[in-house]
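If you count the sequence shown from 1, you need to add 467 to reach our numbering.
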Amino acid sequence: MKLIVGNWKLNPSTLNEAVALTSGVNYAIKAEDFERTVLLPPFIFLEELVKKFKQIAWGAQDVFWEARGAYTGEVSLAMLKDVGIGWVLVGHSERRRIFGESDEDVNKKIKAALAQDFNVIAAVGELQRGDEADEIIDSFKKSAAGLETADLARLTVAYEPVWAISTTPGAQADSPARSNQIIGELKHAAFKMFGEPSKKIKFLYGGSVTSENALKFLSQPYIDGALVGGASLSAEEFAAIVSVSR
Ligand code: PEP
């Protein structure tokens, strides 16, 4: 069963548009596919969307590891839980690149969210095409250091080469064979860290996934799903990605 995650990023601008987009997805996706589909809208829309669309698995695009205190602008796990959120994305390349998050920050977020029973999607990926696979593995190891093996079934790792993300100038999707190979190496590194329980971690590919290329990625043996950015802003396109991956 392939997991498909839609990351809306800083879109859309109004709650009405967010509701319209969700209505479209809700209409276009088959009932049995909701359990493997996660949507990540901006924080501000979460509460209303959860109330209106209970059948959808909603997640936040980020979270802070502290529970409360002097952290202006941050959102805690307890706040997310209070409005019914069960998923959280951490370590997206835009958080790392634009907002300066380190592997150590990402590690704190993953630990805090898993400890609070969230399903966590942790993103890793290299900046430039041609960067060494070792760097990706190293970033994954630092981000996942010290996790409890009992929590790994709630961990999803998204491999997202930054050069393949559609908003990067000149972006092109990775080749399915290469992303499959990197994900294979990540799975191997996870096995060395955690042993048998690492097999419960799901690994997604992200980077210019569309309804046209989705099947090529999702039919690779190591790829357990997709993290979709731009294409998740069209209900038809996103639903088509979900349906090809059934
Ligand atoms: C992303 O930024 O997580 C992403 C995968 O974006 P896109 O699908 O637009 O490349």
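Heads up, the beta-carbon is just placed ideally off N, CA and C, and yes, glycines get one too.
Just so we're clear, the structure is a prediction, and the values are computed from it rather than from any experiment.
query	result
In chain order, what are the residue ranges of uninterrupted alpha helix (DSSP H) at least 4 long that sit wholly in the region 531-561?	544-549
Among Asn586, Leu544, Phe512, which residue has its Cα nearest to the Cα of Ser480?	Phe512
Could you check whether the region 575-586 touches the region 599-606, counting it as contact only if at least three pairs of C-beta atoms, one from each stretch, sit closer than 8 Å?	no
Are at least three pairs of beta-carbons, each pair with one atom in the region 486-500 and one in the region 530-550, less than 8 Å apart?	no
In the DSSP assignment, what are the bridge partners of Tyr626?	Val591, Tyr672
Should Leu507 be counted as a contact of the ligand PEP given a C-beta to heavy atom distance under 7 Å?	no
Where do the N-terminal and C-terminal ends of the beta strand (DSSP E) with Asn764 fall, by residue?	Examination of residue 764 is not possible in this model, given that the chain is present from 468 through 713 alone.
Check for me: the beta strand (DSSP E) holding Leu507 runs from which residue to which?	504-507
Using only alpha-carbon positions, find the residue among Lys518, Trp525, Lys519, Gly673 that is nearest to Arg430.	No statement about residue 430 is possible, as the shown extent of the chain runs from 468 to 713 and does not include it.
Go ahead and label Ser490 buried or exposed: buried means 16 or more other beta carbons lie within 10 angstroms of its beta carbon, across all protein chains shown.	exposed
I want to know whether the region 668-686 touches the region 545-553 - three or more CB-CB distances under 8 Å.	no
By Cβ distance, which residues of its chain are closer than 7 Å to Pro643, with the 5 residues on each side in sequence left out?	Lys683, Phe684, Gln687
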